[in-house]
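Chemist:
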Amino acid sequence: MLDLSYLDTSKIRPREYQSEIAESALLNGNTLAVLPTGLGKTIIALILISTKFGSGKSLFLAPTKPLANQHYQKILSEMLVPEGEVALVSGEIGPEERRGLWTRKIVVSTPQTLKNDIEKGRTTFDFSLCIFDEAHRAVGNYAYTFIASECAKNKALVLGITASPGGNRKKIDEIMEALCITNVKIKGDEDPGVVKYTKPLDMKWLPIELGPGLKKASEILREMTSEYSDTLRKLGFPVRFQSKKSLLDLRKRITLLEDDRKFTAISIYTTIFNLVHMGELLETQGVSTFSKYVIGLRTREKQSKGILRILYDKRLAEIEKLLSESGEHPKLAALVELLKSRPSDKVIVFVQYRAQIDRIVQELTANKISSMQFVGKRDGVTQKQQKETIDRFRAGDFRVLVASSIGEEGLDIPLVDTVIFFEPVPSEIRSIQRRGRAGRLKAGNVFVLFAKGTRDETFLWASRRREKKMRSIMQGMQAASNPPAAVPFAPSSGLNAEGKPKTKGQSKLSDYF
């Protein structure tokens with residue numbers, strides 16, 4: 027069934043579970059493959075591309091240009107196919123030049139570029155195999171969903187690959203339906219056939235005690251937030267939990283109002299949202315990051331009533347006085363000491379906010395710890411600069427990479443000994459991706475810094491709870507999608523394993539739970 031003749035077996039030796047998943051996709055149709063970072067999801071894609079090379083065209087989609095380029099280079103170096111049959115397509119290439127590239131046998135592309143070219147009539151979808159890397163992005167209006175519909179129309183086989191589809195049942199359902207997936211293959215670190223390829227990962231949670239000044243400032247912010255929340259409640263909009271997500275949902279409700287309360291409620295909401303954000307910065311990041319944000323509010327060209335309400339509140343001046351006397355967040359000193367205690371480790375420090383990344387690099391430099399920041403194009407950094415940073419990290423020019431979320435997903439970041447979370451993240455997907463940067467070829471370490479009694483603890487437990495739920499969901503999916511006997515399958519959306527249209531009552535994702 028599998029044809030590995032187009033793989034360079036001197037460089038690629040497919041593992042049993044990789045071949046098993048590829049074969050399952052060929053037999054059972056559109057497949058979601060879920061494997062931890064570092065276990066070779068891309069190899070599964072290459073096995074399928076090799077098998078399909080003689081009979082059709084293959085499309086390999088990746089959400090970012092650097093990741094697409096990484097897959098393109100891997101195909102050129104590890105597959106025995108003519109270079110002229112492989113194309114890398116992105117928005118950096120002119121529209122007319124792209125027309126010819128879409129005719130190649132293997133195309134690696136960013137999804138938005140393909141979507142644009144199909145809509146503009148510059149190409150048609152004629153692939154028989156489509157791989158969606160980081161398949162958990164196939165939700166909402168993301169371009170993956172448009173391309174998946176093209177796959178369905180053209181009966182292309184779909185392979186979605188991800189380290190984590192998420193711990194939200196509704197979101198997983200949306201991913202599965204968007205990609206028309208009927209088959210699920212999941213391999214965990216301890217699965218038979220996988221465990222021998224995994225390395226131990228020692229994970230430690232390091233509690234940090236806030237100093238009295240930071241604690242008092244945080245209490246004042248919470249008091250302010252509570253007061254304005256009471257005002258909003260009296261307008262008919264209770265703030266049940268002051269998280270960003272719940273607040274964004276609340277804003278949607280307020281904007282639907284059609285009476286005189288609407289503009290007052292929006293103004294009070296703006297005050298609350300900014301106070302919640304300020305509280306998060308203060309508790310989880312530090313004084314300098316908090317202060318930069320306040321300066322930004324003060325220097326805005328246009329200041330709404332919601333912002334002025336904060337700036338004119340006398341308690342803000344009290345908070346700033348406390349912070350001027352309290353020194354930086356104790357996490358910063360803890361990070362420096364942790365890195366000094368591991369002088370030979372190559373380390374990635376993941377940080378949520380750009381202002382804090384700058385501050386951390388300054389502090390590490392002051393303590394003679396060689397480091398560089400790694401951020402995305404939204405911060406004005408080009409892909410060429412990103413590559414140069416990674417190349418220098420790989421070469422050992424510095425030992426600590428201080429990264430934003432750009433370092434979490436997919437990129438070929440060199441082997442590291444240790445990963446440090448400067449703060450916990452509530453997203454189970456991001457947490458899994460961060461951890462996956464360590465322990466790929468040898469035993470690794472993960473440290474999570476969290477400020478006790480703050481939002482850090484809330485995020486920490488939220489992430490762990492969602493991961494546990496995700497594992498439970500995926501186990502159910504795995505069990506439900508194991509057919510008693512494999513039947514050869516002509517890949518198509520809306521068809522069952524016998525190649526007939528699905529009828530009402532046939533299983534869908536929600537039946538797995």
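Be aware that the sequence shown starts at 27, since it is given in our numbering, and climbs by one per residue. Backbone N, C-alpha and C fix where the C-beta goes; we use that ideal spot for every residue, glycine too.
1. Could you give the C-beta distance for N180 and S50, rounded to a whole number, given that I count them as a contact under 8 Å?
2. Count the other C-beta atoms from every protein chain shown that fall within 10 angstroms of the C-beta of P514, then say buried if there are 16 or more, exposed otherwise.
3. Name the DSSP bridge partner or partners of L427?
4. Identify which residue in D417, R425, I432, P450 has its Cα closest to the Cα of D443.
5. Give the single residue among G219, Y223, L205, G147 whose Cα lies nearest to the Cα of T63.
6. Distance check for T251 and E344, CA to CA, integer angstroms please.
7. Report the start-end ranges of each beta strand (DSSP E) in the stretch 121 to 151 that is 3 residues or longer and not cut off at the edges.
8. Check whether the stretch 376 to 386 touches the stretch 258 to 267, counting contact only when three or more Cβ pairs, one atom from each stretch, lie closer than 8 Å.
9. What separation, rounded to the nearest whole angstrom, lies between the Cα atoms of E203 and A113?
10. Along the chain, where does the beta strand (DSSP E) containing F263 start, and where does it finish?
11. Count the C-beta pairs between the stretch 324 to 343 and the stretch 294 to 304 that are closer than 8 Å, then say yes if the count reaches three, no if not.
12. Say whether chain D places a C-beta atom closer than 7 Å to the C-beta of L53.
13. How would you call I321, buried or exposed, if buried means at least 16 neighbouring beta carbons within 10 angstroms?
14. For R39, does the count of other Cβ atoms within 10 angstroms reach 16, so buried, or fall short, so exposed?
15. Could you tell me which uninterrupted alpha helix (DSSP H) segments, each at least 4 residues in length, are contained entirely in the stretch 286 to 337, listed from first to last along the chain?
16. Is there contact between the stretch 164 to 179 and the stretch 122 to 140, where contact requires at least three CB pairs shorter than 8 Å?
17. Check G353 in the structure and name its three-state DSSP category.
18. Given a cut-off of 7 Å, decide if V428 and Q399 are closer than it, judged by their beta-carbon atoms.
19. What is the residue span of the alpha helix (DSSP H) that I432 lies within?
20. Given this structure, state the Cα-to-Cα distance separating T281 from K288, to the nearest angstrom.
21. So, at 6 Å on beta carbons, what are the nonlocal neighbours of N471 in its own chain, with the 5 sequence-adjacent residues on each side left out?
22. Does the Cβ-Cβ distance between I458 and A161 come in under 7 Å?
23. I believe S489 touches E449 by the beta-carbon criterion, under 8 Å. Please report the beta-carbon distance rounded to the nearest angstrom.
24. Would you report the Cα separation of S103 and N95, rounded to the nearest angstrom?
25. So the candidates are E346, K340, K37, E327; which of them puts its Cα closest to the Cα of T315?
26. Let's test the definition: count the other Cβ atoms within 10 Å of the Cβ of T136 and tell me whether it reaches 16, buried, or not, exposed.
27. Since A477 contacts L349 with CB under 8 Å, what's their CB separation in whole angstroms?
28. Buried or exposed: W487, going by 16 or more other Cβ atoms within 10 Å of its Cβ?
Modeler: On the basis of the data shown:
1. Not confirmed; about 22 Å, so no contact.
2. Low confidence applies to P514: its pLDDT is 41, below 50, so where it sits in the model is not reliable, and the reading given next is rough at best. The residue is exposed, with fewer than 16 neighbouring Cβ atoms inside 10 Å.
3. I374, M398
4. R425
5. Y223
6. 15 Å
7. 132 to 135
8. no
9. 29 Å
10. Counting along the chain, F263 falls outside any beta strand (DSSP E), and DSSP gives it neither H nor E.
11. yes
12. The structure shown contains no chain D, having only a single protein chain.
13. exposed
14. exposed
15. 287 to 310, 313 to 324, 331 to 337
16. yes
17. coil
18. yes
19. Segment: none, I432 is in no alpha helix (DSSP H) and carries neither H nor E.
20. 7 Å
21. D228, T444
22. no
23. At roughly 11 Å, the Cβ-Cβ gap does not stay under 8 Å, so S489 and E449 are not in contact.
24. 12 Å
25. E346
26. buried
27. At roughly 15 Å, the Cβ-Cβ gap does not stay under 8 Å, so A477 and L349 are not in contact.
28. exposed
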